[in-house]
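Colleague:
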Amino acid sequence: MTPRSAVNPEQTWQVAGADPELFRRAIEVTSAITMLLDSSGVITSVNDAFTRCLGHDRTDVVGRPLTSFAQKLDVTLLTDVLARIRAGGDRETVDVAMISLIDESGITPLRFDLAGMIDGPATAGIVVTGHDVSDLHHIRTELEFVTRHDSLTALANRATLVERLDRRLELGETFAVLYVDLDRFKPVNDLYGHECGDELLCLVARRLEHAVRPGDLVARVGGDEFVAVAGGVGTRVAATGLADRIEMSLSEVYELELGPVRIGASIGIAIADSSSTVASLLADSDIEMYDAKAERRGFTGRSVAQRKRSATERRRLAEECSLGLTRGEFVAHLQPIVDIATGELVRVEALARWHHPRLGLLRPESFLELVEDAGFDMALGDVMMESACQALADVGELGIVPGLAINFSVGQLADPLLCHRLALLCERHSIDLSRLTVEITEQAMLGRRPATGGVTPDETLFALHRLGASLSLDDFGTGYSSLTHVRRYPLAEIKIDRSFVAGLCVNAQDQALVEVVVDLARSLGLTVVAEGVETDGQLEALRRIGCHHGQGYRIGAAMSADSLITWWRARYAGAAPES
7 MTPRSAVNPE QTWQVAGADP ELFRRAIEVT SAITMLLDSS GVITSVNDAF
57 TRCLGHDRTD VVGRPLTSFA QKLDVTLLTD VLARIRAGGD RETVDVAMIS
107 LIDESGITPL RFDLAGMIDG PATAGIVVTG HDVSDLHHIR TELEFVTRHD
157 SLTALANRAT LVERLDRRLE LGETFAVLYV DLDRFKPVND LYGHECGDEL
207 LCLVARRLEH AVRPGDLVAR VGGDEFVAVA GGVGTRVAAT GLADRIEMSL
257 SEVYELELGP VRIGASIGIA IADSSSTVAS LLADSDIEMY DAKAERRGFT
307 GRSVAQRKRS ATERRRLAEE CSLGLTRGEF VAHLQPIVDI ATGELVRVEA
357 LARWHHPRLG LLRPESFLEL VEDAGFDMAL GDVMMESACQ ALADVGELGI
407 VPGLAINFSV GQLADPLLCH RLALLCERHS IDLSRLTVEI TEQAMLGRRP
457 ATGGVTPDET LFALHRLGAS LSLDDFGTGY SSLTHVRRYP LAEIKIDRSF
507 VAGLCVNAQD QALVEVVVDL ARSLGLTVVA EGVETDGQLE ALRRIGCHHG
557 QGYRIGAAMS ADSLITWWRA RYAGAAPES
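Residue numbers (my numbering): 7 to 585.
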């Protein structure tokens with residue numbers, strides 16, 4: 007950008023020194039602000055450009071120090087520049103915020119060029135020329151905002167957060183750090199698409215700003231992670247009160263363009279003290295946030311050392327997920343589902359396992375949330391489909407031909423190409439789609455409106471059913487609307503949650519509930535599968551009740567295709583197929 011016709015003050019003072027009258031006439035015709043100061047910095051002559059730019063009456067300007075028109079914060083800056091010029095210094099350029107009677111903000115940024123008169127500034131004075139740099143100032147302000155704020159939510163970014171935390175610690179201030187991680191954001195993002203996910207994040211940002219107090223800082227530090235810095239909060243009681251207010255605000259329903267959604271938040275707290283560092287405050291609040299998540303899932307009682315190891319390990323595992331997917335470390339293991347009355351193998355459920363090179367075989371609870379948070383759930387889903395179909399084909403070569411139960415993430419069910427890819431996969435492995443059972447979870451039923459270019463989980467589930475796959479309602483009895491789902495989908499079976507099976511032999515209420523579910527299923531023509539069968543007593547109780555199928559460690563753990571063949575031969579030795 008080229009500034010408006012600036013006047014060279016060195017040329018101006020030459021004119022002023024040689025012919026004062028010519029100087030006065032010259033400054034009137036120039037569009038640039040031009041003025042003459044005496045040796046003390048008082049304005050002795052000024053053109054109308056000064057008035058046009060700032061709105062001050064010309065008669066009120068002459069006779070007053072130039073510094074009296076500067077914004078308070080810039081008075082010292084301008085005073086120092088004038089002092090250097092009077093002392094014989096070279097020409098100087100300085101940007102000064104000047105008091106404006108025209109601009110709505112009350113301030114207009116001007117760029118002044120200052121030079122001493124030919125006879126010497128100490129005796130003859132100083133020539134000042136200037137021009138409005140509002141546009142440049144605006145661009146600079148915008149650039150500074152962009153570098154210090156999150157582009158989506160306009161909250162402070164991580165760099166600004168670290169700078170502010172460092173400054174507070176340097177000043178010895180009392181404050182608390184609250185690390186906020188959204189719960190159930192990923193399913194919403196997958197169901198409705200990234201545009202709705204962005205809309206939700208912006209709404210979350212506004213709620214966070216309203217939940218904290220004036221002067222508190224809110225920053226976005228990750229995809230769905232935020233940090234609030236509460237000044238003057240030095241006790242856990244006070245910080246917990248603020249955390250509760252934030253959690254309550256974030257858990258209210260969000261009215262998105264595509265429909266209402268509800269999410270939650272897990273919050274960790276760290277209180278600054280004399281030994282705190284920026285890194286320790288963020289790490290400690292991050293660890294406590296994961297503790298809050300773990301507590302909701304029933305994992306409690308860990309020591310501080312365990313918690314720190316857990317958080318560190320979690321980050322390391324997240325980095326290793328993508329490598330594991332490319333290296334083929336994720337595989338499907340097969341858990342047998344048998345007919346309780348006859349003992350016949352009717353189906354196997356594909357369950358994800360990670361052959362981790364450092365930690366050994368990992369179960370889904372160790373990595374599934376990490377995979378979802380990292381956005382690898384779609385890739386993992388495709389790997390599981392391929393691995394499960396390959397394993398089923400491997401055991402099929404020996405005459406073992408069970409059905410296959412599979413689970414899909416919300417993101418997979420919202421993928422319009424899922425059915426096509428699954429059909430091609432089954433065709434390649436010579437697996438009839440009628441052998442597939444798709445297990446439906448509560449999470450998969452969150453949305454009924456498709457994201458742009460996507461489909462709803464309902465549309466995918468009904469399409470899979472039309473292709474010949476059976477639908478099974480998983481974790482029956484734990485959802486808030488399980489009976490509604492029985493009416494909503496063309497189900498073939500329901501799976502009783504393991505929590506009811508666990509109390510089957512010790513809790514009369516659990517036994518009564520299982521009996522009711524079995525009777526209900528029979529009346530609706532549905533098959534019942536009991537999950538988590540771990541003892542002979544549970545298996546016998548289910549047989550008496552009339553439950554159709556069972557699954558659990560008493561029957562067989564999830565295992566590789568080779569181990570399934572060994573299990574099959576040991577269980578059905580008299581009917582073992584020839585290898």
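The beta carbon of each residue, even a glycine, is placed where N, CA and C say it ideally should be. These numbers come from a predicted model, not from an experiment.
Below 8 Å, can you find three or more Cβ-Cβ pairs linking the region 274 to 291 to the region 207 to 224?
Modeller: No, because fewer than three Cβ pairs between the region 274 to 291 and the region 207 to 224 fall closer than 8 Å, the two stretches do not touch.
Colleague: Determine, using beta carbons only, whether D421 and T447 come nearer to each other than 7 Å.
Modeller: For this step, residue 421 is matched to residue 415 along the sequence shown. For this step, residue 447 is matched to residue 441 along the sequence shown. Not closer than 7 Å, so no.
Colleague: With 16 as the cutoff for other CB atoms within 10 Å, does E205 come out buried or exposed?
Modeller: Residue numbering aside, residue 205 sits at position 199 when the sequence shown is read from its first letter. It is buried - the Cβ of E205 has at least 16 other Cβ atoms within 10 Å.
Colleague: Can H554 and I343 be called in contact, C-beta distance under 7 Å?
Modeller: By 1-based counting over the sequence shown, the position of residue 554 is 548. By 1-based counting over the sequence shown, the position of residue 343 is 337. Not in contact: H554 and I343 (Cβ atoms no closer than 7 Å).
Colleague: What is the DSSP secondary structure of V102, reduced to helix, strand or coil?
Modeller: Residue mapping note: residue 102 aligns to position 96 of the sequence shown, counting from 1. Strand, per DSSP.
Colleague: Enumerate in chain order the residues of its own chain whose CB-to-CB distance from A298 is below 7 Å, with the five nearest sequence positions on each side excluded.
Modeller: The sequence position of residue 298 within the sequence shown is 292, counting from 1. The answer, listed in chain order, is S272, I273 and G274.
Colleague: Using only alpha-carbon positions, find the residue among G229, C202, H144 and A93 that is nearest to S157.
Modeller: One-based indexing of the sequence shown puts residue 157 at position 151. When each option's Cα is compared against that of S157, the closest is G229.
Colleague: Buried or exposed: which applies to V310, given that a residue is buried once 16 or more other Cβ atoms fall within 10 Å of its Cβ?
Modeller: Counted from its first residue, the sequence shown places residue 310 at position 304. Only weak support is given to the placement of V310: the predicted model assigns it a pLDDT of 47, under 50, and the value that follows is read from those uncertain coordinates. So V310 ends up on the exposed side.
Colleague: Which residue marks the beginning of the beta strand (DSSP E) containing E445, and which one marks its end?
Modeller: Position 439 of the sequence shown holds residue 445. E445 -> beta strand (DSSP E) spans L442 to I446.
Colleague: Could you tell me which of I269, T180, E445 and P408 sits nearest to G237, measuring between CA atoms?
Modeller: Your numbering for residue 237 matches position 231 in the sequence shown. The candidate whose alpha carbon is nearest that of G237 is T180.
Colleague: Helix, strand or coil for D138 per DSSP?
Modeller: Taking the first residue of the sequence shown as 1, we reach residue 138 at position 132. It is a strand residue.
Colleague: Run through DSSP, which three-state label would Q341 get?
Modeller: Walking along the sequence shown from the start, residue 341 turns up at place 335. In the structure shown, Q341 sits in a strand (DSSP, three-state: E or B).
Colleague: With I571 as the anchor, note down where its alpha helix (DSSP H) starts and where it stops.
Modeller: Taking the first residue of the sequence shown as 1, we reach residue 571 at position 565. Looking at the DSSP string, the run of the alpha helix (DSSP H) that includes I571 is A567 to R577.
Colleague: If I measure Cβ to Cβ from L545 and keep anything under 8 Å in the same chain, skipping five residues before and after, which residues do I get?
Modeller: Against the sequence shown, residue 545 aligns to sequence position 539. Within the same chain, L545 has close Cβ partners I346, V539, G556, R560 and I561.
Colleague: Skipping 5 residues on each side, what residues in its chain have a beta carbon closer than 8 Å to that of V48?
Modeller: On the sequence shown, residue 48 is found 42 positions in, with the first residue counted as 1. Correct list, in chain order: G69, R70, P71 and L72.
Colleague: What does a CB cutoff of less than 8 Å around V259 pick up in its chain, not counting 5 residues either side in sequence?
Modeller: On the sequence shown, residue 259 is found 253 positions in, with the first residue counted as 1. Correct list, in chain order: P266, V267 and R268.
Colleague: Does DSSP put F506 in a helix, a strand or coil?
Modeller: As a first step, residue 506 must be located in the sequence shown, where it is residue number 500. It is helical.
Colleague: Where does P363 fall in DSSP's three states?
Modeller: Reading the sequence shown from its first residue, position 357 is the one you call residue 363. P363: coil per DSSP, three-state reduction.
Colleague: Are there 16 or more other CB atoms within 10 angstroms of the CB of L43, so buried, or fewer, so exposed?
Modeller: Position 37 of the sequence shown, counted from the first residue, corresponds to residue 43. Flag for L43 reads buried.
Colleague: Which of the three DSSP states is assigned to V354 in this structure?
Modeller: To locate residue 354, count along the sequence shown from 1; it is residue 348. Strand, per DSSP.
Colleague: Does the region 129 to 144 come close enough to the region 152 to 172 that 3 or more CB-CB pairs lie under 8 Å?
Modeller: No, they do not touch.
Colleague: Taking the alpha-carbon positions, what's the I601 to S393 distance?
Modeller: A query on residue 601 cannot be resolved here, the shown segment of the chain reaching from 7 to 585 and no further.
Colleague: Quick check: the Cα distance between G270 and L207, rounded to an integer number of angstroms?
Modeller: Counting from one through the sequence shown, the residue named residue 270 turns up at place 264. Counting from one through the sequence shown, the residue named residue 207 turns up at place 201. Cα-Cα distance, rounded: 12 Å.
Colleague: Measuring alpha carbon to alpha carbon, tell me which residue in S106, L83 and T114 is nearest V100.
Modeller: Residue mapping note: residue 100 aligns to position 94 of the sequence shown, counting from 1. Of the listed residues, the one whose Cα sits closest to V100 is L83.
Colleague: To which residues does DSSP link G237 through a beta bridge?
Modeller: For the purposes of this step, residue 237 is taken as residue 231 along the sequence shown, with counting starting at 1. According to DSSP, G237 bridges with F181.
Colleague: Going by C-alpha to C-alpha distance, which of N513, A429 and L419 sits closest to L467?
Modeller: Stepping through the sequence shown from its first residue, residue 467 is reached at position 461. Closest option to L467, Cα to Cα, is L419.
Colleague: Considering only C-alpha positions, which residue in the set A217, Q77, E537 and L175 is nearest to G247?
Modeller: Within the sequence shown, residue 247 is the residue found at index 241, counting from 1. The option with the nearest alpha carbon to G247 is A217.
Colleague: Using beta-carbon positions only, say whether G474 and L439 come within less than 7 Å of one another.
Modeller: Taking the first residue of the sequence shown as 1, we reach residue 474 at position 468. Taking the first residue of the sequence shown as 1, we reach residue 439 at position 433. Going by C-beta atoms, G474 is nearer than 7 Å to L439.
Colleague: What separation, rounded to the nearest whole angstrom, lies between the Cα atoms of T166 and D187?
Modeller: Reading the sequence shown from its first residue, position 160 is the one you call residue 166. Reading the sequence shown from its first residue, position 181 is the one you call residue 187. Cα to Cα, the separation comes out at about 19 Å.
Colleague: Which residue from T283, A245 and F191 puts its Cα closest to that of L256?
Modeller: Counting from one through the sequence shown, the residue named residue 256 turns up at place 250. The candidate whose alpha carbon is nearest that of L256 is F191.
Colleague: In angstroms, rounded to a whole number, what distance separates the CA positions of D109 and A103?
Modeller: Within the sequence shown, residue 109 is the residue found at index 103, counting from 1. Within the sequence shown, residue 103 is the residue found at index 97, counting from 1. Answer to the nearest angstrom: the Cα atoms are 12 Å apart.
Colleague: Buried or exposed, going by whether 16 or more other CB atoms sit within 10 Å of the CB of P115?
Modeller: If you number the sequence shown from 1, residue 115 lands on position 109. Its Cβ being crowded by 16 or more others within 10 Å, P115 is buried.
Colleague: Which residue marks the beginning of the alpha helix (DSSP H) containing D80, and which one marks its end?
Modeller: Residue mapping note: residue 80 aligns to position 74 of the sequence shown, counting from 1. Run containing D80: K78 to R92, per the alpha helix (DSSP H) assignment.
Colleague: How about G552: is its Cβ closer than 6 Å to a heavy atom in the ligand PLP?
Modeller: Ligands are entirely absent from the displayed structure, and the ligand PLP is therefore not among its contents.
Colleague: So what does I500 bridge to, in DSSP terms?
Modeller: Residue numbering aside, residue 500 sits at position 494 when the sequence shown is read from its first letter. L479 and V534.
Colleague: Considering only their Cβ atoms, is the gap separating A469 from T443 smaller than 7 Å?
Modeller: Along the sequence shown, one-based indexing puts residue 443 at 437. Along the sequence shown, one-based indexing puts residue 469 at 463. Cβ distance not < 7 Å, so T443 and A469 don't count as in contact.
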